[in-house]
Each structure stands twice: as structure tokens, then as C-alpha cells.
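S.K.: Residue numbers for the sequence shown follow UniProt numbering, beginning at 1 and rising by one.
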Amino acid sequence: MSAESSAEGEPSQNRPPSQQGSGSSSGPASASQSSSGSGTLSSVDTLPVTLPSVPEEAELQPWGRLLPMAPGFRSHGNPLSSSPPGRNRAGARIHPPLYCVEDRYLFGRDAACDYVLDDPEDRKSKRFRIYSKKHFRIYRVGTGPLVPEGSEVFVEDYSNNGTFVDGVKVGQNKKLPLTNNAVLSLAEQRNRVFVFIDLMSDYQSSLPRALQDKYVLTRRIGTGVCGEVRLAFERSTCRKFAVKIINKKNFQSEGTAKRNAETEIEILQRVDHPCLIKTEDFYQTEDSYYIVLEL
1 MSAESSAEGE
11 PSQNRPPSQQ
21 GSGSSSGPAS
31 ASQSSSGSGT
41 LSSVDTLPVT
51 LPSVPEEAEL
61 QPWGRLLPMA
71 PGFRSHGNPL
81 SSSPPGRNRA
91 GARIHPPLYC
101 VEDRYLFGRD
111 AACDYVLDDP
121 EDRKSKRFRI
131 YSKKHFRIYR
141 VGTGPLVPEG
151 SEVFVEDYSN
161 NGTFVDGVKV
171 GQNKKLPLTN
181 NAVLSLAEQR
191 NRVFVFIDLM
201 SDYQSSLPRA
211 LQDKYVLTRR
221 IGTGVCGEVR
231 LAFERSTCRK
241 FAVKIINKKN
251 FQSEGTAKRN
261 AETEIEILQR
271 VDHPCLIKTE
281 DFYQTEDSYY
291 IVLEL
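1) How about the segment 163–172 and the segment 185–192: do they share at least three Cβ pairs that are nearer than 8 Å?
2) Beta-carbon within less than 7 Å of Lys244's beta-carbon, same chain only, minus the 5 sequence neighbours each way: which residues are those?
3) Quick check: the Cα distance between Phe136 and Phe233, rounded to an integer number of angstroms?
4) Can you give me the C-alpha to C-alpha distance between Gly171 and Phe251, rounded to a whole angstrom?
5) Over the uninterrupted alpha helix (DSSP H) stretch that includes Leu211, give me the two end residues.
6) Going by C-alpha to C-alpha distance, which of Ser185, Phe241, Leu207 sits closest to Gly222?
7) Three-state secondary structure (DSSP) at Gln269?
8) Find the nearest neighbour of Tyr139 within the set Val155, Arg129, Ile130, Arg127, judged by alpha-carbon distance.
9) Taking a contact to mean a Cβ-Cβ separation below 8 Å, would you say Leu98 touches Arg127 in this structure?
10) Where does Ala261 sit, in a helix, a strand or coil, going by DSSP?
11) Apply the 10 Å Cβ neighbour rule to Thr279 and answer buried if 16 or more other Cβ atoms are within range, or exposed otherwise.
12) Near Asp281, which residues of its chain fall below 6 Å by C-beta distance, leaving aside the five closest residues on each side in sequence?
13) Using DSSP with H/G/I as helix, E/B as strand and the rest coil, what is Ser288?
14) Indicate the three-state DSSP secondary structure (helix, strand or coil) for Asn247 in the structure shown.
15) Kindly identify the DSSP beta-bridge partner or partners of Tyr158.
In C-alpha cells, the structure reads:
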């Protein structure tokens with residue numbers, strides 16, 4: 001018998017396995033089609049999966065704003081300050097305000113800073129040489145879930161020529177608190193560059209002027225029957241204090257109770273003992289007492 005006739009006599013031995021299955025009515029493919037057609041799910045059908053909805057991330061809200069007081073400043077990497085620059089009455093370019101969204105910003109001549117102190121229209125200008133490559137930073141603390149209210153904002157100076165807050169020099173590698181409407185000057189006191197706007201609170205403006213001049217009041221750290229306690233920083237040293245604010249309206253007998261309270265405060269101011277909390281200062285208005293206590 002020839003090789004050709006032998007191949008014709010044994011077709012199933014030389015045929016590939018895939019071709020063998022395609023000619024059979026009892027193969028897996030026909031069984032799957034049969035069960036699928038009868039309304040029963042087969043092993044190869046895809047089951048729909050419903051995924052839980054993913055909540056969208058909350059958009060970050062700005063906590064502060066820096067208004068430029070001098071032309072030629074620009075910001076890097078801040079999506080909220082992408083508005084085109086305008087011009088003042090003299091025709092100089094004024095860039096839009098910097099909205100503070102992140103917890104810290106670095107300012108300086110270095111291109112890696114968050115806010116670059118230079119003039120993009122005049123790269124050869126020498127007036128920006130008085131600023132350091134890393135001049136200062138603005139940052140806030142006290143933003144966690146355990147903080148009952150608000151946060152504190154500080155400016156820290158890294159420069160050689162100085163950073164000033166409302167005319168007070170911060171000092172290299174030192175910090176001072178920032179409050180609403182504070183003016184930042186760079187290199188020299190008269191070179192006013194930014195105004196800081198606190199978008200979270202404007203509590204400071206309602207305080208006695210003498211208290212404002214010496215202390216910066218920030219978040220509430222306690223409450224009581226007669227009033228509240230706020231965290232404060234001494235402007236000159238950045239030392240922490242507690243300011244107890246007592247509303248005079250809470251006294252039932254305005255005459256006698258007020259006199260007793262004032263007498264007690266005067267006594268506490270004269271007491272200096274390591275086992276007692278020291279009373280640093282005392283202020284009052286027609287409506288409230290402000291007692292400054294050590295922490």
C-alpha cells in the first residue's frame with residue numbers, strides 16, 4: 001500500500017486536535033452553546049460586577065492670601081494663582097494674589113522655591129539681588145482633627161538681609177506669627193512686598209489695641225462657664241501664652257462681682273510662685289476681661 005493511500009486510510013491520526021474537535025457535536029463548545037441558549041449561565045459567560053462608588057476628593061480650600069505690593073513677582077506650582085497679571089496705574093505689571101492652599105510655601109530667588117522672587121520681564125535686573133535664594137517661608141500648624149478650632153500661621157526667616165512683619169525684624173532662623181492684614185517687608189523695613197490676608201479668621205481686630213500690639217491670639221483651646229481660653233503668641237519672642245477671656249455680662253451682680261474679679265486679678269498679678277500659674281498681663285474693655293497666663 002502506498003504512503004498516500006495509508007494517509008487517506010487514517011485521517012484521524014494525522015489531523016490536528018483542533019480540527020478533530022471542530023467536527024464533533026459532543027465537544028465542549030457545543031455544550032456551552034447549548035447551555036447558554038437554554039437560559040443557563042455557562043462557565044465562559046462574564047458576570048457583571050457592580051463596584052462601590054468612590055467618593056470624590058474634597059477640593060482644598062485656601063486658608064490665606066498674599067497680595068503683592070510690588071511689581072515683578074510670580075508664583076510657581078500653584079493652580080489657584082494662574083490668573084494673568086495686570087498693571088497698576090503706573091503701568092507696572094502686578095501679578096494676581098497667591099492663595100495659600102498647601103501647609104507651607106518657600107519664597108526666594110531659587111527656581112525651586114514655591115514663589116520665585118524675580119522679574120520674568122527683566123532677567124538682568126539687579127533689584128532682586130537683595131533677596132536670598134531661600135529668603136523665607138510661610139507655614140501653618142495645628143490643622144489636624146484634634147485641633148478644636150483654627151490654626152496658627154508663621155513666617156520663618158532664612159535670609160541674610162532680613163524679613164519684617166509689620167516693621168518687626170523676624171531674625172535669621174527665627175519665626176513670628178502672622179495675623180490678618182500683616183505687612184511683609186523684605187531686605188529692609190521700608191520695602192513692603194506682601195500683605196497677608198487670613199481667610200480663616202479675623203478675631204484679632206476685635207481685641208484691645210494694647211493687647212493686639214503685644215500678642216497674637218489664635219485658636220480656642222478651652223471654654224468655660226464665664227468665657228473661653230485662646231492660644232496666644234508674644235510678638236517679640238513668639239512665646240506661647242493662654243489668654244482667658246471673661247465676658248462681663250456673665251456676672252449676675254455687675255457691681256460687686258466685677259470689683260471682686262478685678263481685685264482677684266490684681267492679687268494674681270503680684271503672686272510669683274513656681275506652683276502657681278503666673279498672670280503675665282491683664283486688659284479689659286467695656287464688655288470683657290483679658291487675662292494673659294503662662295503656659
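In this text, a Cβ means the ideal position worked out from N, Cα and C, and glycines have one as well.
M.R.: A quick look at the data gives this:
1) Under the 8 Å Cβ criterion, the segment 163–172 counts as touching the segment 185–192, having at least three qualifying pairs.
2) Gly227, Val229, Ile291, Leu293
3) 20 Å
4) 44 Å
5) Membership of Leu211 in the alpha helix (DSSP H) is indicated by the continuous run 209–214.
6) Phe241
7) helix
8) Val155
9) no
10) helix
11) buried
12) Val292
13) Residue state, collapsed to three classes: strand.
14) strand
15) According to DSSP, which records beta bridges pairwise, Tyr158 is partnered with nothing at all.
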